[in-house]
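**Q**
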Amino acid sequence: MVKRIEPADLPLRERKKALTRQAILDAAARLFAEHGYDNVTVADIADAATVSVKTLFVYFRSKEDLVFAESDLLDALLAGLDAREPGVSAAQAVADVLITAIHDEAGAARGLEDYHHAYGGSVSLRSGLLRMWSEWEDRVTEHLAGDAPATPMNRLHAIQLVGLVRTTTSPELRAAIDPADPRALERWLRVAAKAVEASSPAG
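Each number in this note's numbering comes from the position in the sequence shown (counting from 1) with 333 added on.
(1) Contact check, residue 488 vs residue 474 under 8 Å by CB: the rounded distance?
(2) Does DSSP classify residue 532 as helix, strand or coil?
(3) At the level of alpha carbons, what is the spacing between residue 349 and residue 523?
(4) Any chance you could list the alpha helix (DSSP H) runs of at least 4 consecutive residues sitting entirely within the segment 402–441, in chain order?
(5) Would you kindly report the start and end of the unbroken alpha helix (DSSP H) that includes residue 290?
(6) Could you tell me if residue 427 is buried or exposed, where buried requires 16 or more neighbouring beta carbons within 10 angstroms of its beta carbon?
(7) Tell me where the alpha helix (DSSP H) around residue 487 begins and ends.
(8) Could you check if residue 429 is buried or exposed, using at least 16 other CB atoms within 10 Å of its CB as the buried criterion?
(9) Buried or exposed: residue 464, going by 16 or more other Cβ atoms within 10 Å of its Cβ?
(10) Once DSSP output is grouped into helix, strand and coil, what is the label at residue 504?
(11) Is it the case that the segment 393–406 contacts the segment 352–371, given that we only count it when at least three CB pairs across the two stretches are under 8 Å?
(12) Is it the case that the Cβ atoms of residue 433 and residue 392 are separated by a distance below 8 Å?
(13) What distance in whole Å lies between the Cβ atoms of residue 515 and residue 453, which are believed to be in contact at a cut-off of 8 Å?
(14) Can you tell me the Cβ-Cβ gap for residue 526 and residue 424, rounded? I've got them flagged as a contact below 8 Å.
(15) Out of 407, 347, 377, 389, state which residue places its alpha-carbon closest to the alpha-carbon of residue 470.
(16) Any idea what DSSP makes of residue 338, helix, strand or coil?
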């Protein structure tokens with residue numbers, strides 16, 4: 334997964350490449366949100382981004398790569414873990430980052446609905462999502478360990494923290510959240526963070 338590119342300070346040639354890449358990502362995200370991942374073709378995305386299919390494949394190996402191309406949320410989570418104040422648990426820090434992210438969207442509950450419409454029902458994405466969560470667990474485990482060798486407890490705590498993120502995209506939470514209540518997801522995250530904190534091997 335690659336962090337979103339800011340092209341303003343790049344040389345002209347690289348700026349054009351970055352803008353083309355971002356145009357493809359933006360077109361894919363919009364089409365997935367409108368029609369669902371399985372109902373959008375690579376040709377649809379290329380047409381919406383005003384590039385050829387051949388050009389799209391210069392930037393991305395497959396349609397699935399377009400879903401996992403950015404790491405902004407993982408980067409934000411790791412930064413949130415680094416920046417937490419004394420007395421703030423890792424679970425609370427993760428919840429804070431997620432709450433900030435959902436309030437950057439049009440609405441927390443609406444964003445959950447949009448996620449499920451775009452990606453949640455796609456069987457073809459399941460293996461990719463599992464690989465992504467596994468990679469996140471690896472990154473968070475290493476982050477918790479710092480300069481020391483990672484321990485089984487680091488791994489267990491990382492699984493808990495990534496599980497907190499994963500649950501926000503689960504069908505169970507989707508069914509439990511009232512789309513008419515913009516604060517419902519935030520309240521759930523606060524409760525879930527306390528539950529993770531209480532059961533955490535980190536105390």
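Virtual Cβ for every residue (Gly too), placed ideally from N, Cα, C.
This one's a predicted model, so the numbers in the text were calculated from it and none came from an experiment.
**A** Checking against the coordinates, here is how it stands:
(1) The beta-carbon separation of residue 488 and residue 474, rounded to 5 Å, stays under the 8 Å limit for a contact.
(2) It is helical.
(3) When rounded, the distance between both Cα atoms is 42 Å.
(4) Entirely contained in the segment 402–441, the alpha helix (DSSP H) runs reaching 4 residues are, in chain order, 405–416, 423–436.
(5) The structure shown does not extend to residue 290, since the chain is modelled only from 334 to 536, so the question has no answer here.
(6) Its Cβ being crowded by 16 or more others within 10 Å, residue 427 is buried.
(7) Run containing residue 487: 485–500, per the alpha helix (DSSP H) assignment.
(8) Classification for residue 429: buried.
(9) It is exposed - the Cβ of residue 464 has fewer than 16 other Cβ atoms within 10 Å.
(10) Residue state, collapsed to three classes: helix.
(11) The answer is yes - the segment 393–406 touches the segment 352–371, with three or more Cβ pairs under 8 Å.
(12) In this structure, residue 433 keeps its C-beta atom at 8 Å or more from the C-beta atom of residue 392.
(13) Going by Cβ atoms, the distance from residue 453 to residue 515 rounds to 20 Å, so no, they are not a contact pair.
(14) Correct: roughly 4 Å between the Cβ atoms.
(15) Selected option, being the one with the closest Cα: 407.
(16) For residue 338, the pLDDT reaches just 48, beneath the cut-off of 50, and the residue's location in the model is therefore unreliable, although a value from the coordinates is still provided. Annotated three-state conformation of residue 338 is coil, per DSSP.
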